[in-house]
Amino acid sequence: MNRQSPSSFGRAPAAWTSSKPPLLRFLSACHADFAPEDSGAVADYIPELGKADPAHFGISLATLDGHVYEVGDTQVPFTIQSMSKPFVFALALDTLGAARVESVIGVEPSGDPFNSIRLNAENHPFNPMVNAGAIACSGLIQQARGDGAFEYIRQSLGKFAGRELDVDDAVYVSESATGDRNRAIGYLLRTNAVLTDRVDAVLDVYFRQCAILVTARDIAIMAATLANRGVNPVTGEQVMTPYAIARTLSVMTSSGMYDYAGEWIYRIGIPAKSGVGGGILAALPARLGLGSYSPKLDKHGNSVRGIKVCEALSSHYDLHMLNRSDDARNSIIADYDIGNSPSRRVRRAQEQNILAEHHQAVRIIELVGTLSFSNVDYVSRQLATKPRPQLVIFDLRRVTAMTRAGARLLAEEFHELAAYNVTVILSGIKRASADWKMISEWTEGLTNIRNYYLLDDAIEWAEDQVVYRHGGAIDFFEATALSEQSLLAGLTDEELTDMASLATIRTYEASEKILATGDPADSLFFLRSGVVHVTLPDGIRLATLTAGMPFGEMALLEPRRSADVIADMAATAYEIPLRDFERFRKQHPRAGERIMRNLAQLLADRLILANAKVNLLTSS
Ligand code: GLN
1133 MNRQSPSSFG RAPAAWTSSK PPLLRFLSAC HADFAPEDSG AVADYIPELG KADPAHFGIS
1193 LATLDGHVYE VGDTQVPFTI QSMSKPFVFA LALDTLGAAR VESVIGVEPS GDPFNSIRLN
1253 AENHPFNPMV NAGAIACSGL IQQARGDGAF EYIRQSLGKF AGRELDVDDA VYVSESATGD
1313 RNRAIGYLLR TNAVLTDRVD AVLDVYFRQC AILVTARDIA IMAATLANRG VNPVTGEQVM
1373 TPYAIARTLS VMTSSGMYDY AGEWIYRIGI PAKSGVGGGI LAALPARLGL GSYSPKLDKH
1433 GNSVRGIKVC EALSSHYDLH MLNRSDDARN SIIADYDIGN SPSRRVRRAQ EQNILAEHHQ
1493 AVRIIELVGT LSFSNVDYVS RQLATKPRPQ LVIFDLRRVT AMTRAGARLL AEEFHELAAY
1553 NVTVILSGIK RASADWKMIS EWTEGLTNIR NYYLLDDAIE WAEDQVVYRH GGAIDFFEAT
1613 ALSEQSLLAG LTDEELTDMA SLATIRTYEA SEKILATGDP ADSLFFLRSG VVHVTLPDGI
1673 RLATLTAGMP FGEMALLEPR RSADVIADMA ATAYEIPLRD FERFRKQHPR AGERIMRNLA
1733 QLLADRLILA NAKVNLLTSS
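As structure tokens, then:
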């Protein structure tokens, strides 16, 4: 185990009372190990802060799927203090625009303590994480929102936390009564035109924002929102733009821990911010948010136990943000052509032959997880490893996220494919989705892209294209005779004539429901013209049938219909009552046996196809 792991982690517990997720067990071990740590001192330059209970210790960790782990005093409220700075900076960026904010506040680390009264060479604050920069930020919000500035800040921080946040009036009054050093900074900013007027009003906003009450749990969720590109993982709300969030994390990385910032990012490698109230907030992009509360501070003004928790977390799980790699190859879950997995449309012999010969013409790539820069690059190189298909289907139904880089590369791949006249078909993505909007932004004007929600529809359409392109166009309206029915293959002319005398020709309109699940199964059908599909009541499409195929044939085995059959277009069918069919079998035992064998073959083919589809997913 690593030097910085808490010693009680991994020690066998005396008894297993209830099972705990390992991460919660780890945080509990941290809590147990660092609780005895007694060094540091509670901040008392703001008199009211001096009243904090030094024993309080809470650790909370929020994951990006919105789970919150909590150990110890995670529900004890304390004032946010400097941990408000990153959020108000993000708010200023989104409210006033980056250009305005950057014109008065720098982004260089100062190497100074948080309360340093020093500006950079341009007489601007070094960065928004030290008091001078934070006061300038509050000034910008004050300019934009006037008297509503503080309320605007409080509401906005509440969105990060996912709940309405209160203010500790005693702490506010206490800091307001004693905060002359911050007033000095305010006047310095005014002589340098960073603040334009009303220094007192700006400091009032700043003191109030520092006195906002939070818990370790709140801080964890606020941090997780930063780690999640501004989407609160608990409420799902996009609180700030990804742009503002990325810039905020940047200044947290370089200056969040004041004159300990370089050391912090070197050793721990997680963007963080501390507050003199005893809180530490750490946001590991794309992974987690951590909030800790313990009031005793070191000489830099950072919580002693909080630092230990961050160190242990980073080192035990090796979470340094610059120590990362990603396997680009895990985004393809299946890669095949229509030879391995045709659509569920049952094809006639002529079509089958064309598709068998040209199976490589349709390539299907099923993707999973996040489509990032490296994943999409890998996919585009995989595409080039086989002969160029005429159509490519990208199935995105298991894609949970797409980065901008991923979407951009994907769009560029579509341009590349267009240049070679390859048709791109997307399935599993809704046209209304944000991912689709992002892709279409970069594929405007491309005509080779189609979109189907269901993968099977996409495959079916692609197969049709291959059939058409190779001269297999089919007249769906042309009526077929019973002799062309696959189930009746091998019957003599006489047997077929007898069978025909039992059949009634039915006609259906497009979308008409021909059979309904649960109805008595007392006849069989042979599709004579048109197209029908077989679906389960929940909408799952089992098969698309064209003329020459039977349906409702399961009546030979089951007393009730097990699926719906719906006409895709105007269709006609031969219907034969089961009673008559049974009589026919008695009169023509040879033909009866032949039909049952054909049926067994049909069912076996379906099973083989279904297994192949399952294999494609489990073997890759
Ligand atoms: N309100 C405090 C101050 O300005 C915030 C400082 C901090 O948390 N580091 O002094």
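According to our numbering, the sequence shown holds residues 1133 to 1752 in order. The C-beta atom is built at its ideal place from N, Cα and C for all residues, glycine as well.
Quick one: what does DSSP say residue i is sitting in, helix, strand or coil?
i	result
aspartate 1358	According to the sequence shown, residue 1358 is leucine rather than aspartate. Here leucine 1358 sits in helix by DSSP.
glutamine 1370	strand
alanine 1144	Low per-residue confidence applies at alanine 1144: pLDDT is 46, beneath 50, and the placement is therefore not dependable, though the value from the model is reported in the following sentence. Three-state DSSP puts alanine 1144 in coil, outside helix and strand.
leucine 1542	helix
alanine 1703	strand
isoleucine 1571	helix
leucine 1320	helix
proline 1652	strand
lysine 1291	helix
leucine 1734	helix
alanine 1466	strand
isoleucine 1296	One detail in the question is off: residue 1296 reads as glutamate in this sequence, not isoleucine. Coil, per DSSP.
arginine 1563	coil
asparagine 1583	strand
glutamate 1498	strand
serine 1752	Only weak support exists for where serine 1752 lies, its pLDDT of 47 falling under 50; the value from the coordinates is given anyway. Reduced to three states, the DSSP call for serine 1752 is coil.
methionine 1534	strand
phenylalanine 1166	helix
aspartate 1329	coil
arginine 1456	coil
alanine 1173	strand
aspartate 1336	helix
leucine 1647	strand
valine 1346	strand
Could you tell me the alpha carbon to alpha carbon distance between residue i and residue j, rounded to whole angstroms?
i	j	result
tyrosine 1552	glutamine 1514	16 Å
serine 1615	arginine 1711	21 Å
lysine 1431	threonine 1357	29 Å
arginine 1330	serine 1426	35 Å
glutamate 1369	lysine 1291	8 Å
alanine 1460	proline 1417	18 Å
valine 1697	lysine 1152	50 Å
proline 1799	methionine 1389	One cannot answer for residue 1799 here, as it falls past the ends of the chain, which runs 1133 to 1752.
asparagine 1462	valine 1500	8 Å
glycine 1172	leucine 1345	22 Å
alanine 1742	tryptophan 1593	19 Å
threonine 1096	isoleucine 1464	Nothing about residue 1096 can be reported from this structure: the residues present for the chain run from 1133 to 1752 only.
glycine 1318	alanine 1194	36 Å
histidine 1490	threonine 1676	20 Å
aspartate 1469	threonine 1624	38 Å
cysteine 1269	valine 1326	10 Å
valine 1554	phenylalanine 1221	47 Å
aspartate 1300	threonine 1310	16 Å
alanine 1144	alanine 1466	The predicted model places alanine 1144 with a pLDDT of 46, which falls under 50 and marks its position as unreliable, so this point remains unresolved.
glycine 1410	valine 1436	9 Å
arginine 1135	alanine 1161	A caution first: arginine 1135 carries a pLDDT of 46, below 50, which makes its placement in the model too unreliable to give a value.
lysine 1718	asparagine 1730	17 Å
phenylalanine 1166	lysine 1428	12 Å
alanine 1276	arginine 1232	11 Å
serine 1572	leucine 1528	15 Å
Under 7 Å from any heavy atom of the ligand GLN, does the C-beta of residue i make it?
i	result
tyrosine 1180	In the sequence on display, residue 1180 carries glutamate and not tyrosine. Every heavy atom of the ligand GLN is 7 Å or more from the Cβ of glutamate 1180, so no.
asparagine 1314	yes
Pocket of the ligand GLN (residues with CB nearer than 6 Å to any heavy atom), chain order: Near the ligand GLN, residues with a Cβ at less than 6 Å from any of the ligand's heavy atoms are Gln1213, Ser1214, Phe1246, Asn1247, Asn1263, Glu1307, Asn1314, Cys1342, Gly1407, Val1408, Gly1433; the list follows chain order.
Within the stretch 1399-1441, ranges of the beta strand (DSSP E) (whole runs, at least 3 residues): Fully enclosed beta strand (DSSP E) runs of 3 or longer: 1404-1406, 1411-1416, 1420-1425.
Alpha helix (DSSP H) segments (min. 4 residues) lying fully within the stretch 1661-1723: Complete alpha helix (DSSP H) runs here, min 4: 1710-1719.
Start-end ranges of the beta strand (DSSP E) lying completely within the stretch 1180-1260, minimum 3 residues: List check, beta strand (DSSP E) in window: 1190-1195, 1200-1204.
In chain order, each alpha helix (DSSP H) run of at least 4 residues that lies wholly inside the stretch 1580-1641: Restricting attention to alpha helix (DSSP H) runs no shorter than 4 residues, the stretch 1580-1641 encloses them at 1587-1601, 1625-1634, ordered along the chain.
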